[in-house]
Amino acid sequence: MGGRPRQVPGKCWSRVTPTPAPSPTLALWSNEMGEELNLERTEETGAVLGGGAPVTGMQPYAQRYGGHQFGNWAGQLGDGRAITLGEVKTENGFLELQLKGAGRTPYSRTADGKAVLRSSIREFLCSEAMHHLGVPTTRALSLVTTG
5 MGGRPRQVPG KCWSRVTPTP APSPTLALWS NEMGEELNLE RTEETGAVLG
55 GGAPVTGMQP YAQRYGGHQF GNWAGQLGDG RAITLGEVKT ENGFLELQLK
105 GAGRTPYSRT ADGKAVLRSS IREFLCSEAM HHLGVPTTRA LSLVTTG
C-alpha cells in the first residue's frame, strides 16, 4: 500500500507497508537500545524489524517534506527508504521506531527504497560511536539482513 512513487500534494505523510524481507536475520543488535525500548532479540522481533510482521495496531508511514538540493528548490522530498513504524514510550520519553531500507514509498523517486549492507553497517557503527562520544544523534537498534 502506498509504495508507488508519485507527487502527494497537501499531505505531510503517507501510509505505507514495508516490503517484507524474504528471510530476515538480525545481523547486528544493540543491547543498550533493546533495553531502552524494552525489546528482546528474538525471531519475532527480527520479523517485525524485517518489515514482514507488523504489530497489531501499527500504522507505518513515510514522511513528506520539501527542501533545497544542490542550491535549488527541489519541491517534494520525503522518506524515500525510511518507514516509521510508530513511537515507543521509554523512561526517557518517546522514541520513534523506524525502518530504513524497507522498500519503496511515494517519496522514493526513481530508487527502490532498499539500503546497501556496507553503508548500513557504517551508519549503525557511526551512530553508536557518535552517541558514546556525547554527540547527539539517532541511535540504531539493529541491522536486519534480508536473506
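Residue numbers (my numbering): 5 to 151.
Note that the Cβ used here is the ideal one computed from N, Cα and C, for glycine as well.
{"Check": "Distance between F74 and T23 (C-alpha atoms, nearest Å)", "Outcome": "30 angstroms"}
{"Check": "DSSP state of R68 mapped onto helix, strand, coil", "Outcome": "strand"}
{"Check": "At least three beta-carbon pairs within less than 8 angstroms, the segment 36–49 to the segment 116–127", "Outcome": "no"}
{"Check": "Three-state class that DSSP yields for S18 in the structure shown", "Outcome": "strand"}
{"Check": "For K118 and A78, the rounded distance between their alpha carbons", "Outcome": "22 angstroms"}
{"Check": "Nearest-angstrom Cβ-Cβ length linking T29 and G50, presumed shorter than 8 angstroms", "Outcome": "7 angstroms"}
{"Check": "DSSP three-state assignment for T49, whether helix, strand or coil", "Outcome": "helix"}
{"Check": "8 angstroms Cβ cutoff, F74 in contact with chain D", "Outcome": "You won't find chain D in this structure, because it holds only one protein chain."}
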